[in-house]
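Engineer: Going line by line, the protein sequences match chains A and B.
Residue numbering for the first sequence follows the numbering used here, beginning at 81 and increasing consecutively.
Residue numbering for the second sequence follows the numbering used here, beginning at -2 and increasing consecutively.
For every residue, glycine included, the Cβ atom is placed at its ideal position computed from N, Cα and C.
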Amino acid sequence: MSTQTEPPEQTDDETESTPEAEPEPEPRSPGQRRRDEKAARAAERDREAAEAEPDLGDDAITLKVFRYDPEVEGKTEPRFDTFQIPFTKGMTVLDALIEARDTYDSSLTFRHSCRQAVCGSDALFINGRQRLGCQTQVADLDSDVVRVEPLPHQDVVKDLVVDMEHFYDQMEAVEPYFQTDETPDGELEEQFQTPENREEIKMSTRCIWCGACMSSCNIAADDNAYLGPAAINKAYRFAMDEREGENMKEHRMELIEQENGVWRCQTQFSCTNVCPKDIPLTEHIQELKREAVKSNLKFW
Amino acid sequence: MREYDVIVVGAGGAGLRAAIAAQEAGADVAMVTKLHPVRSHTGAAEGGINAALREGDDWHDHAYDTMKGSDYLGDAPAVEALTRESPKETIQLENWGMAFSRDEDGQVSQRPFGGLSFPRTTYAGAETGHHMLHTMYEQVVKRGIEVYDEWYVTRLAVSDEDEPEERDCHGVVAYDIKRGEIEGFRARDGVILATGGLGQVYDHTTNAIANTGDGVAMAYRAGVPIEDMEMIQFHPTTLPSTGVLISEGVRGEGGILYNSEGERFMFEHGYANNDGELASRDVVSRAELNEVNNGRGIEDEYVHLDMRHLGEDRILDRLENILHLAEDFEGVDGLEEPMPVKPGQHYAMGGIETDEWGATCVGGLYAVGECACASVHGANRLGGNALPELAVFGARAGRHAAGDVDEEAEITTGWDEDSEEGENVSPVPLGEAGLPSAEKGALADGGRSSPPTDAADGGAAAESAGDAGVVEEAVQAERTRVHYLLEKEEGINHAEVRSELQETMTENVNVFREEDALKAALEDIREARQDYQHVTVEDPSRTYNTDLIHTIETRNLLDVAEAITVGALARDEFRGAHWRKEHQERKDDEWLKHTMLSWNDGSPGLWYKPAVLEGEDKSYEPKERSY
Ligand SMILES: Cc1cc2nc3c(=O)[nH]c(=O)nc-3n(C[C@H](O)[C@H](O)[C@H](O)COP(=O)(O)OP(=O)(O)OC[C@H]3O[C@@H](n4cnc5c(N)ncnc54)[C@H](O)[C@@H]3O)c2cc1C
Ligand code: SF4
Ligand code: FES
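(1) Quick check on F247 (chain A) - is its C-beta less than 7 Å from some C-beta in chain B?
(2) State the start and end residues of the unbroken beta strand (DSSP E) segment that holds F231 (chain B).
(3) Provide the residue span of the alpha helix (DSSP H) that contains Q273 (chain A), from first to last.
(4) In the structure shown, what three-state DSSP assignment does P84 (chain B) receive?
(5) Closest to F182 (chain B) by C-alpha separation, out of B:F571, B:V144, B:H167, would be which residue?
(6) Can you tell me which of the three DSSP states G168 (chain B) falls into?
(7) Closer than 7 Å between beta carbons: that is the criterion. Which residues of the segment 156 to 185 of chain B meet it against chain A?
(8) Between the beta-carbon of I408 (chain B) and the beta-carbon of P74 (chain B), is there less than 7 Å?
(9) What is the rounded straight-line gap between the Cα of R14 (chain B) and the Cα of A356 (chain B)?
(10) Is the CB of L13 (chain B) under 7 Å away from at least one CB in chain A?
(11) Could you check where the beta strand (DSSP E) with E520 (chain B) kicks off and where it finishes?
(12) From which residue to which residue does the alpha helix (DSSP H) around P166 (chain A) run?
(13) Residues of chain B with a CB under 8 Å from the CB of K238 (chain A): which are they?
(14) In chain B, which residues lie with their C-beta within 7 Å of the C-beta of Q196 (chain A)?
(15) Note down the Cα distance separating Y617 (chain B) from L610 (chain B), rounded to an integer number of angstroms.
(16) Can you find the residues in the same chain that come closer than 8 Å, C-beta to C-beta, to V226 (chain A), ignoring five residues on each side of it along the sequence?
(17) Only counting runs of 4 or more residues, tell me where the alpha helix (DSSP H) segments fall wholly within the segment 280 to 305 of chain A, in order along the chain.
(18) Go ahead and pull the three-state DSSP assignment for D54 (chain B).
(19) DSSP on A311 (chain A), reduced to helix/strand/coil?
(20) Could you tell me the alpha carbon to alpha carbon distance between E135 (chain B) and Y255 (chain B), rounded to whole angstroms?
(21) If we define contact as Cβ-Cβ less than 7 Å, is S186 (chain A) a contact residue for chain B?
(22) Where T87 (chain B) and A310 (chain A) are concerned, what is the direct C-alpha to C-alpha distance, given to the nearest angstrom?
(23) Around the C-beta of M(-2) (chain B), are 16 or more other C-beta atoms found within 10 angstroms, so that it is buried, or is it exposed?
(24) Following a CB-centred definition, is G40 (chain B) positioned closer than 6 Å to any heavy atom of ligand 3?
(25) Is it buried or exposed for T168 (chain A), if we count other Cβ within 10 angstroms and need 16 for buried?
(26) Would you report the Cα separation of G194 (chain B) and E330 (chain A), rounded to the nearest angstrom?
(27) Give the secondary structure of C383 (chain A) by DSSP, where H, G and I count as helix, E and B as strand, and everything else as coil.
(28) So that I know if they touch, is there some Cβ in chain B lying closer than 7 Å to that of W289 (chain A)?
(29) Nearest-angstrom Cα distance between Q338 (chain A) and K374 (chain A)?
(30) Would a check of beta-carbon distances place S201 (chain A) closer than 7 Å to chain B?
(31) Pull the bridge partners of E417 (chain B) from the DSSP assignment, please.
(32) Contact criterion: CB-CB distance below 7 Å. Does I17 (chain B) meet it with respect to chain A?
(33) Classify D239 (chain A): buried if its beta carbon has 16 or more other beta carbons within 10 angstroms, exposed otherwise.
(34) For W576 (chain B), which of helix, strand or coil comes out of DSSP?
(35) Would you mind stating whether A11 (chain B) and V365 (chain B) have Cβ atoms separated by less than 7 Å?
(36) Beta carbons nearer than 7 Å to chain A: which residues of the segment 490 to 515 of chain B have them?
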């Protein structure tokens, strides 16, 4: 189902008709002048956008956004809303969503914070693929229509916001913290690590907990108990860190070898394909499988 | 009502470290944070952590560099605590497994950074903050510390004595974003604010969208003075289209700045004949804008940062993340072309006034990290000095709040005998905008139980009902405010007010500051405040209502923007990051003092307090700052 959103409201007029707290009118300050100019520019933009509507020119995109709210009338049934957004050079999908929210519908809801692919807030399903909104240039989508949905296989809280609890639970199930048998004695004593070992774990440490991989994984979709690629990658990060020591590594191998661990992975590479931090997830899972075989042989 | 010993508001580096320390000292701790911890903006820090770890380095040198960098507005006891304890905290991070970059011999790597006399910036690729944030969160998970994530703190529960120095903080009020419920959190021993930066006051910033100065605004309205707010750092190398930061690490590794004529202007135009590109950030930012203003900018807007000569191997090894950022956010391949850069808002040196334990003048209320002003950065922060601040002061405040410290602080908080009244400099009234009387109380969030000016809504109740009563009353006040915002039918959207504000701040309260522009900004802010009286939240939902959250954040932005601008107008000298067109020299006779601003229940007042230049065993004599 698709509904057309209303044209932008004339909020400026409303402001002026509301009684001001200041008793007497003042000469236009530079700020007021700028704002008036800005309002004029905005009106001009809106006119242009409205004109462009029937025939989408190069400078507007059609943003189709999934909407759902469990308690607001008219939104309890999921639907798509369509927004016409003026295209600007360098615009990301996150920018387009912000523009839609701030100019047309302030109830449009999505997570975002850093705008630079480090906070992991805005993994979304964009034109049929898991991507970070802030890292996706609209121009790179090669389409005038941008369709944005919440991450598949996760419960939707509202609009584009999904419930991340299950993802967090899986992350936390792998003892995601550094543990070692021998801690250095001295207060200023560091544990040494070879640059090669640091390099080995480097990619695995880049995870930003966005959940894109988990959402793309068929196995995880069918089976909630499966740890999923991000959690296994987290386990990899520690298991491969030489500073933790051999005993700890054995303990970690036991954790990821359990029923819902590495052996569930069917090497479909979907997680690796969508990871915004280019983490070779499938490779890491395969490597853990090999390590597991090795350590099992040792005990035979 | 929920109850804990210590409540930490915010879960970036500062909050996480504070929570760990308080818990280790035996306290029952909860963290309340509007973002899940790993989404905090500490994760965006790139360059590194300054720590005097090596042979030939000495924390005293780090202290000296920091004081000089601060342009002698840092407080020595805080600067010394930072530099003395940073090595311990940095190695602590390593011991917790943080993936620092490594030298051939397996030690953690360090690199040169601007304004430092020794290459002591300890780093993890160009993603140091990401590693630090995740490492600390891992420790919080390990310890089972309770985290309320996506809970938005809207008010502090502070008692209502006349003088802020007599008040106590008993907890906070928070809004559960997912369920839309408002709840009280009582803190038996202390509340630690760690809410981070305020970059959203500007429209070109390296800060996250969530960096809205909430903690500063809440503490300010609860009566805590805010200090040196005019001291805003503009980072010289941000990408022009988004504000995304290109780390100083690029210059640390040897990156070069060029103007449109291909001149290496830091040297060729004499901005910093010794240190060139590695001069302090304020110096480089002004130099770039000067080049642009003199017609030597590229597209009249930016300059070039070139790292190609470092070679692919070195870049991939130490600066790989920079290649991704330049590619994803500016479409530039840093291996093939120079990167466009210009100054952008980056860091707030000022903030909530604290001593060197993070304690404020209100009993039981602490502040640490970027929202606080101890002050370690004075008028200008050195790159690589914020991350150690998170760890050092987070740990100190956590222990102090848990009752594990009995040392007296050297730095005083609140009004004291050395304080001096300031004159009003603003052309327009400051603070709370005049409200239609029916709405008073709903939007007039004084920030503590009940403003004495408004006895009608139960000013005395707080005292009689005890500590829990203070929290309960604050909860009621927030329910009223949220109800009002949600129910109000007609009005404007907060986004309009926010963009008005960002526009005037970016235009008038930027790197170069002029008296008339600052006054114009204050007028604009006043208008924005009046406009804010008409905001409504259009989204009626209780579920994940970001419209409501952003509307409350915008109110906080108004308060901090005004404070920045008032401070900038009052300080008629040039010190550190603060440059005034009409006053282009540092005036040590008059201005070796902090700008303080108190909310005074809605009618803010300026005052001053001397900078503390006396350290443990030496005094830091102001010297000319040249690089
Ligand atoms: C791009 C960038 C690069 C940087 N690089 C470096 C560097 O290399 N070296 C260095 O030393 N410094 C660097 N800095 C500075 C440093 O990273 C920051 O100053 C520091 O990380 C701030 O940490 P924090 O813990 O104070 O705040 P943040 O990490 O921003 O955390 C704030 C927390 O408060 C919470 N919060 C905020 N408001 C509320 C509220 N109302 N209710 C509940 N919770 C709330 C948020 O959810 C968040 O968890 C950099 C800064 C930026 C922006
Ligand atoms: S592994 Fe990649 S896709 Fe998965 S959560 Fe981490 S960053 Fe996101
Ligand atoms: S907004 Fe932070 S990852 Fe996109």
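Structural biologist: Reading it off the structure:
(1) Position 167 of the first sequence, counting from 1, holds the residue named residue 247 (chain A). Cβ-Cβ to chain B under 7 Å: no for F247 (chain A).
(2) Locating residue 231 (chain B) in the second sequence gives position 234, counting from the first residue. For F231 (chain B), the enclosing beta strand (DSSP E) starts and ends at 229 to 235.
(3) If you number the first sequence from 1, residue 273 (chain A) lands on position 193. Element bounds for Q273 (chain A): n/a, residue is neither H nor E.
(4) Taking the second sequence and counting its residues from 1, one reaches residue 84 (chain B) at position 87. Note: P84 (chain B) maps to helix in three-state DSSP.
(5) As a position in the second sequence, residue 182 (chain B) is number 185, starting the count at 1. Taking only the C-alpha atoms, the option nearest F182 (chain B) is B:H167.
(6) Locating residue 168 (chain B) in the second sequence gives position 171, counting from the first residue. When DSSP states are grouped into helix, strand and coil, G168 (chain B) belongs to the strand group.
(7) Taking 7 Å as the cut-off between beta carbons, the residues of the segment 156 to 185 of chain B near chain A are K175, in sequence order.
(8) Working through the second sequence from its first residue, we reach residue 408 (chain B) at position 411. Working through the second sequence from its first residue, we reach residue 74 (chain B) at position 77. Yes. Within cutoff.
(9) As a first step, residue 14 (chain B) must be located in the second sequence, where it is residue number 17. As a first step, residue 356 (chain B) must be located in the second sequence, where it is residue number 359. Straight across, the Cα-Cα distance linking R14 (chain B) with A356 (chain B) is about 16 Å.
(10) Sequence index remark: in the second sequence, residue 13 (chain B) carries index 16 (1-based). Residue-level contact check: L13 (chain B) does not touch chain A, since none of the beta carbons of chain A fall below 7 Å from its beta carbon.
(11) Start at 1 with the first residue of the second sequence, and residue 520 (chain B) comes out as number 523. Segment 512 to 529 is the alpha helix (DSSP H) holding E520 (chain B); no beta strand (DSSP E) there.
(12) Within the first sequence, the letter at position 86 stands for residue 166 (chain A). No alpha helix (DSSP H) contains P166 (chain A), which is instead part of the beta strand (DSSP E) from 159 to 166.
(13) Counted from its first residue, the first sequence places residue 238 (chain A) at position 158. The CB of K238 (chain A) comes closer than 8 Å to the CB of S538, T540, Y541 in chain B, given here in chain order.
(14) Here residue 196 (chain A) refers to the residue found at position 116 of the first sequence. The answer, in chain order, is A41, V241, L322, F326.
(15) Here residue 617 (chain B) is taken as the residue at index 620 of the second sequence, counted from 1. Here residue 610 (chain B) is taken as the residue at index 613 of the second sequence, counted from 1. Near 5 Å, if we compare the C-alpha coordinates of L610 (chain B) and Y617 (chain B).
(16) As a first step, residue 226 (chain A) is located in the first sequence; it is residue number 146 there, counting from the start. Correct list, in chain order: I141, T142, L143, K144, V173, A176, I206, N207, V218.
(17) Within the segment 280 to 305 of chain A, the complete alpha helix (DSSP H) runs of at least 4 residues are 292 to 296, 298 to 302.
(18) On the second sequence, residue 54 (chain B) is found 57 positions in, with the first residue counted as 1. Three-state DSSP puts D54 (chain B) in coil, outside helix and strand.
(19) Indexing the first sequence from 1 puts residue 311 (chain A) at position 231. Per DSSP, reduced to three states, the secondary structure at A311 (chain A) is helical.
(20) Taking the second sequence and counting its residues from 1, the one referred to as residue 135 (chain B) is at position 138. Taking the second sequence and counting its residues from 1, the one referred to as residue 255 (chain B) is at position 258. Distance from the CA of E135 (chain B) to the CA of Y255 (chain B), rounded to the nearest whole angstrom, comes to 42 Å.
(21) If you number the first sequence from 1, residue 186 (chain A) lands on position 106. Answer yes: the Cβ-Cβ gap between S186 (chain A) and chain B drops below 7 Å somewhere.
(22) Position 90 of the second sequence, counting from 1, holds the residue named residue 87 (chain B). Position 230 of the first sequence, counting from 1, holds the residue named residue 310 (chain A). Their backbone Cα atoms lie some 27 Å apart in a straight line.
(23) On the second sequence, position 1 is the one that residue -2 (chain B) refers to. Burial check for M(-2) (chain B): the Cβ neighbour count within 10 Å stays below 16, so the residue is exposed.
(24) For the purposes of this step, residue 40 (chain B) is identified with residue 43 of the second sequence, where counting begins at 1. G40 (chain B) Cβ: outside cutoff for every heavy atom of ligand 3.
(25) Taking the first residue of the first sequence as 1, we reach residue 168 (chain A) at position 88. Under a 10 Å Cβ-count criterion, T168 (chain A) is classified as exposed, with fewer than 16 other Cβ atoms of the shown protein chains found around its own Cβ.
(26) Locating residue 194 (chain B) in the second sequence gives position 197, where the first residue counts as 1. Locating residue 330 (chain A) in the first sequence gives position 250, where the first residue counts as 1. So the two alpha carbons sit approximately 42 Å from each other.
(27) Here chain A has residues from 81 to 380 only, and residue 383 (chain A) is not among them.
(28) Mapped onto the first sequence, residue 289 (chain A) falls at position 209. Yes, W289 (chain A) lies at the interface with chain B (some Cβ there is under 7 Å from its Cβ).
(29) By one-based count along the first sequence, residue 338 (chain A) stands at place 258. By one-based count along the first sequence, residue 374 (chain A) stands at place 294. C-alpha of Q338 (chain A) to C-alpha of K374 (chain A): approximately 16 Å in a straight line.
(30) Along the first sequence, read from residue 1 onward, the residue named residue 201 (chain A) stands at position 121. For S201 (chain A), the answer is yes, since a Cβ of chain B falls inside 7 Å of its Cβ.
(31) Counting from one through the second sequence, the residue named residue 417 (chain B) turns up at place 420. Looking at the DSSP output, E417 (chain B) sits in a beta bridge with B:Y605.
(32) Numbered from its first residue, the second sequence carries residue 17 (chain B) at position 20. Not one chain A Cβ lies under 7 Å of I17 (chain B).
(33) Position 159 of the first sequence holds residue 239 (chain A). D239 (chain A) is buried by the Cβ-count criterion.
(34) If you number the second sequence from 1, residue 576 (chain B) lands on position 579. W576 (chain B): strand per DSSP, three-state reduction.
(35) Taking the second sequence and counting its residues from 1, one reaches residue 11 (chain B) at position 14. Taking the second sequence and counting its residues from 1, one reaches residue 365 (chain B) at position 368. Contact flag set, yes.
(36) The residues in question are N490, A492, E493, E497, E500, T501.
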